[in-house]
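J.: I have a structure I would like to understand better, so I am pasting it below and will then ask my questions one at a time.
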Amino acid sequence: MRYAHGGGLTPKEQEKREWVRLEAARRGEPKAFSWRQYRDLIVMTHIQLGTPVVWCWDNLNVHLVKELADFAEEHKDWLRIFQMPSYAPELSPAEGIWSLLKRHLADFPAADLAHLTRVIKRKLKKIQYRLHLVDGCLPPTGLTMDDDAIRRPDSTSST
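For the sequence shown, position 144 matches number 144 in the UniProt record's numbering, and the numbering has no gaps at all.
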């Protein structure tokens, strides 16, 4: 209890902060895919594309179950699965961008989800227009931006 405006005789309840929790799944439904659902997703992707499939897994526990490994082995004629490392910034320039963003958001007290979303979009837009920051995320990956290799839509070949 506190007094309104620091004084007076009328006590005022302290305001409670409410936290918003986002959940993609509806109440009572599983919050993640099972290995069977991942298997079905891979099969449907293969059927829809009509070509062999290359799939990249992270180290989510369901991706590592024996049943999925057995499934991949049975279908190695059209399915190739690559297991990615848990965290490999040297493989992905996007990791550098996320690192820049996370530095800006450290200890940021967002009022609500909409506020946090606005701030993230604004920070990403600032990073986008600071090309030296984006270029700085490339060297650890071994990638480079070569202007000659980028074909602009209005350029025509002289060969």
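Note that beta-carbon positions come from the ideal geometry of N, C-alpha and C, so glycine has one too.
All values reported here derive from a predicted model rather than from experimental measurement.
Roughly how many angstroms lie between the CA atoms of E67 and H46, to the nearest whole one?
T.: Between E67 and H46, the C-alpha separation is close to 18 angstroms.
J.: Buried or exposed for P87, please, with buried defined as at least 16 other CB atoms from any protein chain shown within 10 angstroms of its CB.
T.: Here residue 87 is Tyr; the residue named in the question, Pro, does not match the sequence. Exposed.
J.: If you draw a straight line from the alpha carbon of P52 to that of D40, how long is it in whole angstroms?
T.: Those two C-alpha atoms are separated by around 15 angstroms.
J.: Just reading off the alpha helix (DSSP H) that W35 is part of, what are its end residues?
T.: Looking at the DSSP string, the run of the alpha helix (DSSP H) that includes W35 is W35 to L49.
J.: Identify which residue in L60, M145, S92 and W35 has its Cα closest to the Cα of H132.
T.: Of the listed residues, the one whose Cα sits closest to H132 is M145.
J.: Would you mind sorting Y129 into buried or exposed? The rule is 16 or more other CB atoms within 10 Å of its CB.
T.: Result: exposed.
J.: Pull up the distance between the alpha-carbon of W98 and that of I81, whole angstroms please.
T.: Rounded to whole angstroms, W98 to I81 spans 25 angstroms at the Cα level.
J.: Could you tell me the alpha carbon to alpha carbon distance between S34 and I42, rounded to whole angstroms?
T.: One C-alpha to the other measures close to 13 angstroms.
J.: Three or more beta-carbon pairs under 8 angstroms between the region 89–104 and the region 118–125, yes or no?
T.: With the cut-off at 8 angstroms, the region 89–104 and the region 118–125 touch.
J.: When we look at the beta-carbon of C137 and count the other beta-carbons within 10 Å, is it buried (16 or more) or exposed?
T.: Answer is buried; the Cβ neighbour count reaches 16.
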